[in-house]
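Single-structure report; data block below.
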Amino acid sequence: MGKRIIVDPITRIEGHLKIEAEISGGKVVNAWSSAQMFRGIEIILQGRDPRDAPLFVQRSCGVCTYTHYLSSMRAVEDAVGVTIPKNARIIRNLLHGAQFQQDHITHFYQLHALDFVDVVDALKADPKKTAALSETVTNDPHGGTAYFKEVQQKIKTFVDSGQLGLFSNGYWGSPAYKLPPEANLMATAHYLEALRIQAKLVRMHAIFGAKNPHLQALAVGGITSVKDLTPDRIAEFLYVWKQAQAFVRNVYIPDLVTIASFYKDWGAIGGTSNFLAWGDLPMSDKEPESLFLPRGVIMKRDLKGVKMAEPEKVTEHIDRSWYEGNKARHPYNGETKPYQGDPKYDTNGRYSWSKAPRYEGEACEVGPLARVLVAYAYGKKDFKAVVDSTLKKLNIPVTALFSTLGRTAARGLETLVIGNAMEGWVMELVDNLKSGDTATCAKWTMPKSGKGCGLNDVARGALGHWVEIEDKKIKNYQYVVPSTWNLGPRCEKGKLGPVEEALIGTPVADPKRPIEILRTVHSFDPCIACGVHVIDPDSNQVYKIRVV
Amino acid sequence: MKEEKEFYERLEKKGISRRDFMKYCGVVTATMGLSSSFIPGVAEVFASPKQRPPVIWLHFAECTGCSEATLRSMYPWIDELVLDILDIAYHETIMAASGHQAEDVLHAAAKKYKGKYICVVEGAIATKYNGAYGKIAGRTFLEVAKEIVPNAAATICIGSCSSFGGIQAAKPNPGGYKGVGDALGIKTVNIPGCPPNPINLVGTIVNYLLLGKLPALDDLGRPLFAYGKTIHDSCPRRSHYENGEFVTAFGSEEAKMGYCLYEMGCKGPDTYNNCPTAKYNDGTSWPVEAGHPCIGCSEPNFWDTMTPFFQEKK
């Protein structure tokens with residue numbers, strides 16, 4: 001048996017996650033992913049006004065701030081049977097597009113980059129050469145020798161002061177870092193630029209959505225920001241979008257390609273087998289046909305065999321999770337309850353607050369890579385073009401997509417494609433308003449009872465919300481979220497969750513400084529607070545799941 | 549004032565004029581309700597502290613929305629706040645270190661700066677089963693809080709979860725979640741909101757650095773400069789309320805006219821916060837401006853006391 005190591009807390013994620021790995025011969029040979037917190041939001045929702053559900057579940061996660069709000073709104077709208085007006089559909093897509101931009105930029109720079117970029121090594125860089133590198137590989141308007149000198153000075157002041165702050169005790173100097181000092185300095189400068197860009201670009205959310213985080217301008221039936229559908233607000237939105245997308249094109253994508261070129265070996269590490277995307281961004285009322293991000297499932301890496309994904313084929317397993325019972329059930333028919341007491345962490349038994357969702361009994365990766373693969377497999381033009389050109393630039397085969405590198409690259413590429421499309425959506429909004437359609441919120445009445453489902457694809461992956469209404473109140477509420485799919489534990493058949501599968505084979509040069517493990521875990525962009533679920537204890541009725 | 553001159557030169561290199569900088573300081577000073585004579589003092593706080601004050605930021609049961617809100621700080625910019633002004637010794641969402649290395653950072657900082665660090669807490673503390681429902685590195689949130697909070701120079705609770713328990717403490721509160729003050733039986737400075745406006749956190753910290761003490765608080769521990777008035781009292785739609793002009797349906801003509809949202813369930817009259825004046829994301833908007841009723845998110849237990857959100861409060 002190999003040496004066991006535990007990384008807890010995993011930082012630079014949302015939530016409380018613990019990863020245990022067994023290492024033998026310098027590689028991970030086994031891994032366990034454990035969610036460390038239980039809150040109970042689905043239990044809290046029972047008996048409440050269905051209109052309140054979106055605001056409650058939004059608080060599952062402040063990083064994916066818009067996504068649960070939107071998904072829940074769609075579930076309730078499905079239950080009450082209302083179709084939202086065209087203006088509302090477009091505004092919601094624009095807010096969702098901005099969420100992808102903000103989330104993915106912040107993930108790449110603030111949450112993931114330090115796994116590849118050695119900030120301290122940037123002190124060795126020649127600012128002049130860094131400026132030359134920046135001019136060759138990026139179109140960043142910031143640059144020049146003086147600029148990089150300034151950034152370097154900032155790091156130096158930091159290191160010299162002995163107050164390293166956020167950068168304290170990183171794995172600096174590890175042989176796993178491969179960038180030359182100049183690339184490290186350039187990327188560190190962009191880390192700082194990204195901090196400002198993300199703060200600026202969420203103004204798109206504030207314009208039509210009141211504020212960020214936790215937007216507050218949707219209503220069951222549409223949107224409330226009716227007074228913001230004015231030429232000046234739309235122009236303001238376009239202006240901010242332009243700045244954000246310029247950063248994506250000129251800095252994010254070039255950085256991604258540059259960094260990737262030094263880590264090509266990661267194109268063969270950290271892959272999984274199966275991929276699921278519910279799809280999102282409806283271009284009309286017809287779903288899933290009109291989804292800009294298509295719906296589909298790919299099993300065993302067989303791109304040619306891509307198929308329509310069907311929610312009926314999902315089951316959730318709890319055999320290895322801290323809930324009573326062990327029978328896998330369709331989400332509609334769950335019957336389990338959370339462990340009452342201090343749960344024992346046992347990698348041979350139960351070891352996580354997260355459940356294990358399976359599609360046709362198989363673990364599936366969800367998220368940017370799943371979406372890009374599904375779109376690519378369907379031959380969707382926008383996606384095919386950027387994927388092929390990036391593979392060509394890096395001189396790597398399509399199979400390299402099934403990896404940590406592929407996952408991180410897919411995130412950037414979909415940001416580019418979605419961001420590019422947003423301008424057209426703004427124009428569609430303008431045309432629609434010009435035509436005299438000013439409707440923003442459709443009328444509806446709360447049924448005495450009903451059921452509804454919202455299937456979505458959000459920054460971190462496939463997301464489903466289900467609501468059951470009885471006596472105009474929430475009887476049951478359930479959501480199956482991306483991080484449950486990606487970071488869930490084993491199922492009753494002992495099949496590993498995606499991150500567990502992905503970690504196997506990951507090289508670890510120094511078990512005391514397991515930066516390689518962080519690389520793969522972070523590539524999934526874990527978001528744990530909303531990933532923990534519990535099924536209803538008292539019945540086996542439809543829609544009987546609850547979460548934390 | 550060589551240092552000051554150097555400071556402004558540094559700013560200019562970053563593309564920030566002295567004028568812009570004083571504007572930032574003006575915004576913070578105004579939010580804090582201090583007179584303009586304090587602006588130079590605020591500027592000094594931002595300029596070049598000799599030793600950056602250490603901050604230990606703890607995450608318990610929360611959604612990270614308060615950290616995200618802080619990441620959106622523009623006055624000052626977030627990179628200045630976390631790199632130039634403060635020494636963020638521990639913050640799980642953005643720190644480089646993980647696992648043992650992260651734990652080492654926490655313990656080392658708590659020891660080195662004992663009695664001197666600012667502790668910011670985000671999230672509620674589980675108390676049922678001795679706090680078993682929430683753990684970090686094998687220790688419960690409760691154990692971590694008991695180690696770190698009592699040795700801080702000041703503890704600031706950011707957001708409604710650490711202030712008052714927040715969403716996980718809503719009925720039936722499955723994990724027995726409580727705010728930090730309640731869970732530890734101490735008094736804390738509370739900056740509630742779901743999430744709060746980052747300017748209110750910045751204002752509180754600047755007040756501390758500038759005047760050496762925490763700002764004046766109300767009986768719920770909220771700084772009066774931010775939570776001294778109700779939303780209703782500062783609401784630009786107030787005249788519609790007085791005139792009896794109300795929205796009764798989203799998407800209606802009345803909604804387009806920007807009438808009062810009271811009948812749609814607006815909790816502005818019961819909610820103390822500065823949203824109408826501070827606004828969010830560089831003053832771009834706030835919920836009522838976007839046609840949505842206030843949900844009362846800076847009040848204790850608002851998930852129970854302010855719901856249903858879309859009904860007039862009885």
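Protein chains in written order, with our numbering: chain R, 1 to 548; chain V, 549 to 862. Ideal Cβ positions, reconstructed from N, Cα and C, are used throughout, including at glycine. Keep in mind the model is a prediction, meaning the values are calculated, not measured.
In this structure R/A375 touches R/P294 by the C-beta definition: roughly 6 Å separates them, less than 8 Å.
Identification of chain R residues near V/R567 by a Cβ-Cβ cut-off of 9 Å yields none; the smallest Cβ-Cβ distance measures about 19 Å.
In the structure shown, the three-state DSSP call for R/P282 is strand.
Interface flag for R/G222 against chain V is set, since a Cβ pair is found closer than 8 Å. Around the beta-carbon of R/N93, 16 or more other beta-carbon atoms lie within 10 Å, marking it buried. In the three-state DSSP reduction, V/V750 falls in the helix class (H, G or I).
As computed with DSSP, V/F608 is found in no beta bridge at all.
V/S787 counts as exposed, since fewer than 16 other beta carbons sit within 10 angstroms of its beta carbon. Residue ranges of uninterrupted alpha helix (DSSP H) with 4 or more members, entirely inside the region 724-806 of chain V and ordered along the chain, are 728-732, 746-759, 772-775, 779-782, 786-790 and 801-804. The region 795-805 of chain V makes contact with the region 215-224 of chain R; the number of CB pairs closer than 8 Å reaches 3 or more. Closer than 8 Å to the CB of V/H840 there is at least one CB belonging to chain R.
As for any alpha helix (DSSP H) of minimum length 4 sitting wholly inside the region 344-431 of chain R, the runs are 368-377 and 381-394, ordered along the chain. Apart from the 5 residues on each side of it in sequence, R/H330 sits with its Cβ closer than 6 Å to the Cβ of T315 in its chain, given in chain order. Not one beta carbon of chain R lies nearer than 8 Å to the beta carbon of V/N748. In terms of beta-carbon proximity, R/G173 stays away from the interface with chain V, with every pair separated by 8 Å or more. Proximity to R/A132 across R/P175, R/A183 and R/V82 peaks at R/A183, based on C-alpha coordinates. Cβ neighbours of R/N250 within its own chain (closer than 8 Å, five residues either side excluded): T138, N139, D140 and P141. In terms of Cα proximity to R/V417, the closest of R/D265, R/V248, R/C491 and R/V481 is R/V248.
Looking at the backbone, the Cα of R/A88 and that of R/L433 are separated by about 11 Å. With its beta carbon less than 8 Å from one in chain V, R/K227 belongs to the interface. For V/C705, the enclosing beta strand (DSSP E) begins and ends at A702 to I706. In the three-state scheme derived from DSSP, where H, G and I count as helix and E and B as strand, R/N30 is classed as strand. With fewer than 16 other Cβ atoms inside 10 Å of its own Cβ, R/V398 counts as exposed.
By the C-beta density criterion, R/E193 is buried, having at least 16 other C-beta atoms within 10 angstroms. Against chain R, the CB of V/N678 has a partner CB under 8 Å away; the residue lies at that interface. Residue state for R/N476 is assigned as strand, using DSSP reduced to three classes.
A distance below 8 Å separates the beta carbons of V/G613 and R/G62. R/A125: not part of any beta strand (DSSP E); DSSP gives it neither H nor E. Just so you know, the alpha carbons of V/Q716 and R/Q102 end up roughly 27 Å apart.
Boundaries of the alpha helix (DSSP H) around V/G647: G647 to K660.
Sequence-distant partners of V/A701 (beyond 5 residues in either direction) whose C-beta falls short of 7 Å from its own C-beta, in its chain, are G663, K664, Y665 and I666. Only residues of its own chain outside the window of five on either side were considered, and among them T272 have a CB closer than 6 Å to the CB of R/E501, listed in chain order.
Closest by C-alpha distance to V/L765, out of V/I779, V/D830 and V/K735, is V/K735. Counting every other CB atom within 10 Å of its CB across the protein chains shown gives V/E847 a total of 16 or more, marking it as buried.
Straight-line measurement puts the Cα of R/Y171 at about 41 Å from the Cα of R/I43. Residues of chain R whose Cβ lies closer than 7 Å to the Cβ of V/D652 are, in chain order, N169.
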